[in-house]
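Notes follow the structure.
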Amino acid sequence: MECIVCGNWFSSTDKTKKLCMTCERVLQHPSIGIAPERLLELAQAEKDGRLVVLPCKIMDTIFMAVGRYGITGFEEDRCDGFFINREGVLQIKAQCYSGNHATYGLPGETVFLTREEAEAELKEKGEEK
Ligand SMILES: [Zn+2]
84 MECIVCGNWF
94 SSTDKTKKLC
104 MTCERVLQHP
114 SIGIAPERLL
124 ELAQAEKDGR
134 LVVLPCKIMD
144 TIFMAVGRYG
154 ITGFEEDRCD
164 GFFINREGVL
174 QIKAQCYSGN
184 HATYGLPGET
194 VFLTREEAEA
204 ELKEKGEEK
């Protein structure tokens, strides 16, 4: 059968076994610091296309694009939530958004996690014109 973690094939008489010997040994190593059951759950979610790593936490500082016809700046805000559309594109929701685009921003396009990244984007967009 196929190992849920590495994808390699292994043989076992136990039909409920999901890991190859190597992965089983690695996951049970004390230095991992996560319960093997939890890692298995994450591996299964990844395999099913259900695993999402969020770019930040709720209430983290974010920088949202503002401007009526194009991005003219970024304002500091707080992450208030997330949205994932049917294509799997993740958006970050701003808490106090007062700009003209949307309450939700696309990471790396209309919302950034640092002022430096936001300013670099603004500079890059300005140079394209
Ligand atoms: Zn494996």
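Quick note on this note's numbering: the sequence shown kicks off at 84 and runs consecutively.
All residues carry an ideal CB built from backbone N, CA and C; glycine is no exception.
Helix, strand or coil at residue i according to DSSP, with G and I counted as helix
i      : result
Cys106 : helix
Glu210 : helix
Gln178 : coil
Ala203 : helix
Ile115 : helix
Leu123 : helix
Glu129 : helix
Pair within 7 Å by beta-carbon distance, residue i and residue j
i      : j      : result
Val194 : Met147 : yes
Gln178 : Arg198 : no
Leu122 : Leu110 : yes
Ala128 : Leu134 : yes
Glu158 : Val149 : yes
Lys50  : Gly191 : Residue 50 is absent from the model: the chain starts at 84 and stops at 212.
Residue range of the unbroken beta strand (DSSP E) whose run includes residue i
i      : result
Glu158 : 156–167
Val149 : 144–149
If you measure from each CB to the nearest heavy atom of ligand 1 and keep those under 6 Å, what residues do you get, in chain order?
Selection output, chain order preserved: Cys86, Val88, Cys89, Asn91, Leu102, Cys103, Thr105, Cys106.
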